[in-house]
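Notes to accompany the following structure.
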Amino acid sequence: MNSKIELNVELDENRVPEKLSWSAQDGGIQDEEAKAMMLSVWDGNTQETLRIDLWTKDMPIDEMKQFFHQTLVTMSDTFMRATQDEKMTATMKDFCDYFAEKLELKKN
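Here the sequence shown stands for residues -16 to 91, where the numbers follow my numbering.
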């Protein structure tokens, strides 16, 4: 069995993203628009992370700050599920709180 996730990037004449969308048929998502995306892939052979970080040219700075904060929070949650390291997860969460405070982000 295979599951496919598709990312689409529409570029302007300068190769700057104008529109991002994604589809995940198994999740019932078809051409869902996005303003930003981050993709990390672990290369076990080279022991390094490969990344694609994209955002549209009309992505507002305040939304980018929220996007980064929420990404950091979810990375903390993922780190906990993957490692069961409660101490480091708590440290990561503390940093997330500090990040939100310094950027004056509203708590959800």
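Note that the Cβ used here is the ideal one computed from N, Cα and C, for glycine as well.
Where the beta strand (DSSP E) containing residue i begins and where it ends
| i | result |
| --- | --- |
| Gln49 | Not the beta strand (DSSP E): Gln49 falls in the alpha helix (DSSP H), residues 44 to 66. |
| Thr32 | 31 to 38 |
| Gly(-11) | Checking the sequence shown, residue -11 turns out to be Glu, not Gly. It spans -12 to -6 - the beta strand (DSSP E) in which Glu(-11) sits, taken as one unbroken run. |
| Asp26 | 19 to 26 |
Length of the line joining the Cα atoms of residue i and residue j
| i | j | result |
| --- | --- | --- |
| Thr57 | Glu(-11) | 21 Å |
| Leu86 | Phe62 | 23 Å |
| Thr66 | Cys79 | 18 Å |
Same chain only: Cβ atoms within 6 Å of residue i, ignoring 5 sequence neighbours per side
| i | result |
| --- | --- |
| Leu22 | Ile35 |
Distance CB(residue i)-CB(residue j) smaller than 7 Å
| i | j | result |
| --- | --- | --- |
| Leu(-6) | Ala17 | no |
| Leu37 | Asp26 | no |
Range covered by the alpha helix (DSSP H) that runs through residue i
| i | result |
| --- | --- |
| Lys76 | 69 to 85 |
Checklist entry - With contact counted as at least three CB pairs below 8 Å, one residue from each stretch, are the stretch 40 to 48 and the stretch 67 to 74 in contact? => result no
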